[in-house]
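Q: I have a structure here, written as structure tokens, and I will follow up with some questions on it.
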Amino acid sequence: MSQAAEPWHLVKQSTLHGTGVFAARDIPAGTQIIEYKGRRITPEQADAMHPVNPDDPFHTFFFSLSSGKIIDGGDKGNDARWINHSCGPNCEAQENASGKKVHIVALRDIAAGEELFYDYGLIMEGRITKALRRDYLCLCGTPDCRGTMLALPKKQAGKEKKPKDKKKSAKKG
10 MSQAAEPWHL
20 VKQSTLHGTG
30 VFAARDIPAG
40 TQIIEYKGRR
50 ITPEQADAMH
60 PVNPDDPFHT
70 FFFSLSSGKI
80 IDGGDKGNDA
90 RWINHSCGPN
100 CEAQENASGK
110 KVHIVALRDI
120 AAGEELFYDY
130 GLIMEGRITK
140 ALRRDYLCLC
150 GTPDCRGTML
160 ALPKKQAGKE
170 KKPKDKKKSA
180 KKG
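Each residue of the sequence shown is one higher than the one before, starting from 10 at the first, in my numbering.
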């Protein structure tokens with residue numbers, strides 16, 4: 010098997026949260042590492058399914074597309090669903106021009122063995138309360154950590170404190 014056909018990633022236990030995705034080999038900046046796959050559903054179908062797990066209601070594998078559809082990585086999904094959030098990511102999710110596919114792309118060179126992260130930047134309707142920020146607690150610990158996986162208005166983002174609790178209850182929304 011040639012190096013180009015070898016996977017860029019591997020899945021294993023994360024020291025940050027649960028399962029994670031790691032670089033199987035050095036990944037150059039700009040590399041499309043993996044497509045985020047899963048069944049396409051409507052927002053109404055996603056709402057009807059939420060919470061997927063009542064014991065962990067803020068943990069989902071939903072990925073919203075600009076088309077309004079949602080990729081349900083929990084149904085026919087792949088390893089991309091295990092990529093954890095960080096406020097200081099080494100990857101980003103890029104939607105293709107048709108708005109039908111999402112690829113996880115390296116923002117910088119990533120060394121073999123390094124965990125892959127992207128910023129979930131979850132968008133919620135209505136007011137972002139302290140309770141909601143806690144429900145989507147971030148534990149990345151990066152210097153720019155905003156304390157939540159939610160996308161915050163600029164005025165709120167600067168007021169966030171680093172979380173002290175080490176339990177993370179969400180994956181993506």
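Built from N, CA and C at the ideal position, the CB exists for glycine as well. This structure is a prediction, so every number in the text was calculated from the model and none was measured.
(1) Considering R214, what are the terminal residues of the alpha helix (DSSP H) in which it resides?
(2) Determine the closest residue to S95 out of K21, T157, L19, with distance taken between C-alpha atoms.
(3) Okay, do the stretch 126 to 136 and the stretch 42 to 49 touch, 3+ Cβ pairs below 8 Å being the bar?
(4) From what residue to what residue does the beta strand (DSSP E) around E101 run?
(5) What is the DSSP secondary structure of K171, counted as helix, strand or coil?
(6) With distances taken between CB atoms, is the gap from D35 to A120 smaller than 9 Å?
(7) Quick one: using the 10 Å Cβ neighbour count with 16 as the cut-off for buried, is P52 buried or exposed?
(8) For D56, which three-state DSSP category applies?
(9) Can you list, in chain order, the residues of its chain whose CB lies under 8 Å from that of P9, leaving out five sequence neighbours each side?
(10) Given that a residue counts as buried once 16 or more other Cβ atoms are within 10 Å of its Cβ, and exposed if not, what is R117?
(11) What are the boundary residues of the beta strand (DSSP E) that includes A32?
(12) By alpha-carbon positions, which one of L159, G39, I92 ends up nearest to Q22?
(13) When we look at the beta-carbon of G182 and count the other beta-carbons within 10 Å, is it buried (16 or more) or exposed?
(14) Residue range of the beta strand (DSSP E) that E44 falls in?
(15) Hey, would you say the C-beta of Y45 is under 8 Å away from at least one heavy atom of the ligand HEM?
A: In short, the structure shows the following:
(1) The requested residue 214 is not part of the displayed model; the chain covers only 10 to 182.
(2) T157
(3) no
(4) 100 to 104
(5) Any reading at K171 must be qualified, since the residue scores a pLDDT of 43, below 50, and its modelled position is unreliable; the value itself is stated next. Here K171 sits in coil by DSSP.
(6) Result yes, Cβ atoms of D35 and A120 sit closer than 9 Å.
(7) An exposed status is given to P52, since fewer than 16 other beta-carbon atoms sit within 10 Å of its beta-carbon.
(8) helix
(9) Any property of residue 9 remains undetermined from this structure, which presents the chain solely from 10 to 182.
(10) Exposed.
(11) Per DSSP, A32 belongs to the beta strand (DSSP E) from 28 to 32.
(12) I92
(13) Residue placement at G182 cannot be trusted, given a pLDDT of 42 that sits under 50; what the coordinates show is reported in the next sentence. That one is buried.
(14) 41 to 44
(15) In the structure on display, the ligand HEM does not appear, and there are no ligands present to speak of.
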